[in-house]
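Asker:
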Amino acid sequence: MNKLQELKSISTKPELAKLLGIKASVLTYELYVIKPQYTQFTIPKRNGGDRTIFAPSDRLKSIQSSLSNLLLDCLDEINKTAFPRSEIALPTTDKATYLKVKIDSSKNKQPTLSHGFERYRSIITNAMMHLGRKNVLNIDLENFFESFNFGRVRGFFIKNKSFLLNKNIATVIAQIACYNNTLPQGSPCSPVISNLITHSLDRKLALLAAKNNCIYTRYADDITFSTREKIFPPTIMRLDNKFFFASDNLSKEIHKAGFLINNKKTRIQYKDSRQDVTGLIVNQKPNTKKEYWRTARAQCNALFKTGKFTKTINKEKFIGNINELEGQLNFIDQVDYYNRLRQKKPLIAEYQLKEETKNNTSKSMHSFYNGREKTFSEFIFYKLFYANEKPTILTEGKTDNIYLKSTINVLRSSFPSLAKIKSDEIDYELLINFIEYSKRTKFLLELYGGTDYLKSFIINYRSNFKRYTAPRPKKPVIIIVDNDKGPKGLINYIANIDSAIIHPNNLNIKKDIRHSSFIHVFHNLYLVLTPLGNDNCPTDIEYFFDEKDRLKKHKNKCFNTIEKRNETEDLSKDSFSKYIINKQKQDINFDNLKPLLNRICDVLDHYKSLL
Numbered sequence: 330m331n332k333l334q335e336l337k338s339i340s341t342k343p344e345l346a347k348l349l350g351i352k353a354s355v356l357t358y359e360l361y362v363i364k365p366q367y368t369q370f371t372i373p374k375r376n377g378g379d380r381t382i383f384a385p386s387d388r389l390k391s392i393q394s395s396l397s398n399l400l401l402d403c404l405d406e407i408n409k410t411a412f413p414r415s416e417i418a419l420p421t422t423d424k425a426t427y428l429k430v431k432i433d434s435s436k437n438k439q440p441t442l443s444h445g446f447e448r449y450r451s452i453i454t455n456a457m458m459h460l461g462r463k464n465v466l467n468i469d470l471e472n473f474f475e476s477f478n479f480g481r482v483r484g485f486f487i488k489n490k491s492f493l494l495n496k497n498i499a500t501v502i503a504q505i506a507c508y509n510n511t512l513p514q515g516s517p518c519s520p521v522i523s524n525l526i527t528h529s530l531d532r533k534l535a536l537l538a539a540k541n542n543c544i545y546t547r548y549a550d551d552i553t554f555s556t557r558e559k560i561f562p563p564t565i566m567r568l569d570n571k572f573f574f575a576s577d578n579l580s581k582e583i584h585k586a587g588f589l590i591n592n593k594k595t596r597i598q599y600k601d602s603r604q605d606v607t608g609l610i611v612n613q614k615p616n617t618k619k620e621y622w623r624t625a626r627a628q629c630n631a632l633f634k635t636g637k638f639t640k641t642i643n644k645e646k647f648i649g650n651i652n653e654l655e656g657q658l659n660f661i662d663q664v665d666y667y668n669r670l671r672q673k674k675p676l677i678a679e680y681q682l683k684e685e686t687k688n689n690t691s692k693s694m695h696s697f698y699n700g701r702e703k704t705f706s707e708f709i710f711y712k713l714f715y716a717n718e719k720p721t722i723l724t725e726g727k728t729d730n731i732y733l734k735s736t737i738n739v740l741r742s743s744f745p746s747l748a749k750i751k752s753d754e755i756d757y758e759l760l761i762n763f764i765e766y767s768k769r770t771k772f773l774l775e776l777y778g779g780t781d782y783l784k785s786f787i788i789n790y791r792s793n794f795k796r797y798t799a800p801r802p803k804k805p806v807i808i809i810v811d812n813d814k815g816p817k818g819l820i821n822y823i824a825n826i827d828s829a830i831i832h833p834n835n836l837n838i839k840k841d842i843r844h845s846s847f848i849h850v851f852h853n854l855y856l857v858l859t860p861l862g863n864d865n866c867p868t869d870i871e872y873f874f875d876e877k878d879r880l881k882k883h884k885n886k887c888f889n890t891i892e893k894r895n896e897t898e899d900l901s902k903d904s905f906s907k908y909i910i911n912k913q914k915q916d917i918n919f920d921n922l923k924p925l926l927n928r929i930c931d932v933l934d935h936y937k938s939l940l
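Per my numbering, the very first residue in the sequence shown carries number 330; after that it's consecutive.
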């Protein structure tokens, strides 16, 4: 049974709680005992003024997130039924970031009306719908989320033909979603519910657009019509003496849906001027505004030189927040990434040209950078390795990260410099930061796990470090590798670095790296190898798990003993780390990994002494 059918078949609060993956008692407590808890604050709007946000408590937010995911699952099922030949119905869809928004074949037609807070949709796909148009109309709906009250939300789930839910279930959904008789901005489920209710308006306005040779889209409360006609159709919107007047048809549909047009934000943008849709320029390709990028670049330059930067709000200067700057750079990079995937000479996801990959002549990633990607690469290196607020850990791959995180979780009381136990003695905070590898780290940092990438990272570390004149790093960067034949090239390279210092210092760096506690390479960079095994035998992290734990089964497979290991028939490292070490960590013996954690602690103490 799919999620929509399950939702339609239930009639009690415990059944809904089960579908949301939570206990019925938790749902009852949050809704009826302590009542929904929210924190109110304001954030500045892009075009002036303030937006009031009601942030739910952590537990309520978790419930609302579960409801949001359930409703998005239902929406996917509705769309797959309505558009069985569309891209959204393909099995590969789950791995996609975005889906195509312009498809010539009518067989592949799929919903592209709402782009805000929907799976496979974004500001970028919204902008894509309006590229290269002669006229672009932007309309803002006034007090959008406040237009959805408790009765409207409950009534929708009872009466909508796709849902037709039991009245009790519709009531509980509205109780989870609403606060002060409205959908609060700040709730994870407000966007998806508002989109579901507004879909009928989307269809009517899309029909109005089609009749007038226009394209229609909506991103939350931002509505856009665009056309290739020389004059924007007055049957939708007309300009008279510098004032915009919505047509009777447009006004009627918007008012009937329970909304008002914010006339102050209504505008028609022409082809010979800068056209923007939800903050992106759409004249030729989706792009960020030049001033947005220039401001971010200037802030990066100040950050790299001094360790801080300023931002201007209402003509007043304030010290900037590095996380906000990262968000801006990440947004710019998302647009660049999308455009790279669309360019005429397509790039695969790792940004190597297909013919270069095929001919094995691939270049350094730096050769592909445009100016914005170069700055973003420098920013990420600065944040993770130069101005890192916590010690940074680099391992050979994701399985090593899982092993070490699980070990610290279980042994946290014995390693206070690696984990901080909170007051409830159950939750804890990691005091070190693990780098998770991805296609983006491969491109922007040339890091993707494996000792070849780590060796290249060490080789380029000094030159990358020289870019910054900000105060020296306060935390170390620690590379952790297996003590086997894998890192041979990396070890040989470090053995020939004049400034590298081996610890304990009675060892010879040319001969004894594999016997060391750690190596201080240079600056804040360190190397730690797994301790050698019995009779100085080579080791990897898996070596330190008991045979009893290696033989624990998942789907009738185990990781097996070293002597009997069969790579093709036994449990993979990935499955062993996920389903045995991580999921069953409370039953795993991590004692043999204590010496490795001690080495990490020794590095922290050593770098602290240098400061």
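The beta-carbon is built from N, C-alpha and C at its ideal position, and this holds for glycine as well.
In its own chain, which residues sit with a C-beta less than 6 Å from the C-beta of ALA535, not counting the 5 before and 5 after it?
Answerer: LEU442, TYR545
Asker: Following the continuous beta strand (DSSP E) through ALA575, name the residue where it begins and the one where it ends.
Answerer: Where ALA575 is concerned, the enclosing beta strand (DSSP E) stretches over 572 to 575.
Asker: Distance check for LEU336 and HIS935, CA to CA, integer angstroms please.
Answerer: Approximately 57 Å between the Cα atoms of the pair.
Asker: Rounded to whole angstroms, how far is the Cβ of MET566 from the Cβ of LEU466, which I believe are closer than 8 Å?
Answerer: Rounded, the Cβ-Cβ distance is 5 Å, consistent with contact.
Asker: Could you name the residues of the same chain whose beta carbon sits closer than 6 Å to that of CYS518, not counting the 5 residues immediately before and after it, in chain order?
Answerer: GLN393, LEU396, SER397, ALA506
Asker: Buried or exposed: which applies to PRO924, given that a residue is buried once 16 or more other Cβ atoms fall within 10 Å of its Cβ?
Answerer: exposed
Asker: Please state whether DSSP places GLU876 in a helix, a strand or coil.
Answerer: helix
Asker: At a cut of 8 Å, does the region 655 to 666 reach the region 690 to 710 through at least three beta carbon pairs?
Answerer: yes
Asker: Buried or exposed for ASP878, please, with buried defined as at least 16 other CB atoms from any protein chain shown within 10 angstroms of its CB.
Answerer: buried
Asker: Looking only at its chain, what residues have a beta carbon closer than 7 Å to the beta carbon of PHE905, apart from the 5 residues adjacent to it on each side?
Answerer: PHE888
Asker: Would you mind stating whether LEU858 and ASN812 have Cβ atoms separated by less than 7 Å?
Answerer: Yes, Cβ-Cβ distance for LEU858 and ASN812 is below 7 Å.
Asker: What separation, rounded to the nearest whole angstrom, lies between the Cα atoms of PRO385 and ASN911?
Answerer: C-alpha separation (whole angstroms): 30 Å.
Asker: Provide the residue span of the beta strand (DSSP E) that contains ASN885, from first to last.
Answerer: ASN885 -> no beta strand (DSSP E), and no H or E assigned at all.
Asker: Tell me the DSSP secondary structure of PHE763 in three-state form.
Answerer: strand
Asker: Excluding sequence positions up to five away, which residues of its chain have a Cβ less than 7 Å from the Cβ of PRO816?
Answerer: THR780, VAL810
Asker: Report the partner residues of GLN369 according to the DSSP bridge assignment.
Answerer: PHE383
Asker: Hey, how far is the Cα of ASP729 from the Cα of ILE870?
Answerer: 7 Å
Asker: With distances taken Cα to Cα, identify the nearest neighbour of ARG547 among ARG557, PRO562, LEU525, LEU568.
Answerer: LEU525
Asker: Pull the bridge partners of ASN812 from the DSSP assignment, please.
Answerer: THR868
Asker: So, under 8 Å CB-CB, PHE638 and TYR797 are touching, yes? Tell me the CB distance rounded to an integer number of Å.
Answerer: PHE638 to TYR797, Cβ: 13 Å. No contact.
Asker: DSSP three-state label for VAL611, please.
Answerer: coil
Asker: My assumption, with CB atoms under 8 Å, is that PRO563 sits in contact with MET457. Please give the rounded CB distance.
Answerer: Rounded, the Cβ-Cβ distance is 27 Å, inconsistent with contact.
Asker: DSSP three-state call for MET457: helix, strand or coil?
Answerer: helix
Asker: Looking at the secondary structure, which residues open and close the alpha helix (DSSP H) in which LYS817 lies?
Answerer: 817 to 824
Asker: For the alpha helix (DSSP H) that contains ALA499, what are its first and last residues?
Answerer: 496 to 506
Asker: Expressed to the nearest angstrom, what Euclidean distance is found between the alpha-carbon atoms of PHE370 and ARG450?
Answerer: 28 Å
Asker: Rounded to whole angstroms, what is the Cα-Cα separation between PHE473 and ASP665?
Answerer: 30 Å
Asker: Which whole-angstrom value describes the C-beta separation of THR556 and ARG462, a residue pair presumed to lie in contact below a C-beta threshold of 8 Å?
Answerer: 6 Å
Asker: Just list the residues that DSSP pairs LYS646 with in beta bridges.
Answerer: In the DSSP assignment, the residues bridged to LYS646 are THR641.
Asker: Taking a contact to mean a Cβ-Cβ separation below 7 Å, would you say LYS881 touches ILE909 in this structure?
Answerer: yes
Asker: Name, in chain order, the residues that DSSP records as bridge partners for TYR599.
Answerer: ASN464
Asker: Going along the chain, which residues of its own chain have a beta-carbon closer than 6 Å to the beta-carbon of THR607, five neighbours each way excluded?
Answerer: ILE452, ASN455, TYR548, ASP551
Asker: Taking the C-alpha atoms as reference points, what is the distance between ALA475 and GLU406?
Answerer: For clarity, residue 475 is Glu in the given sequence; the question names Ala instead. So the two alpha carbons sit approximately 28 Å from each other.
Asker: Any idea which residues DSSP pairs SER746 with across the strands?
Answerer: For SER746, which the question treats as bridged, DSSP gives no partner whatsoever.
Asker: Kindly indicate which residue of SER338, VAL355, PRO420, PHE574 has the alpha-carbon position closest to the one of SER491.
Answerer: SER338
Asker: Looking at C-alpha atoms only, which residue of ILE351, LYS390, LEU401 is the closest neighbour of LYS332?
Answerer: LEU401
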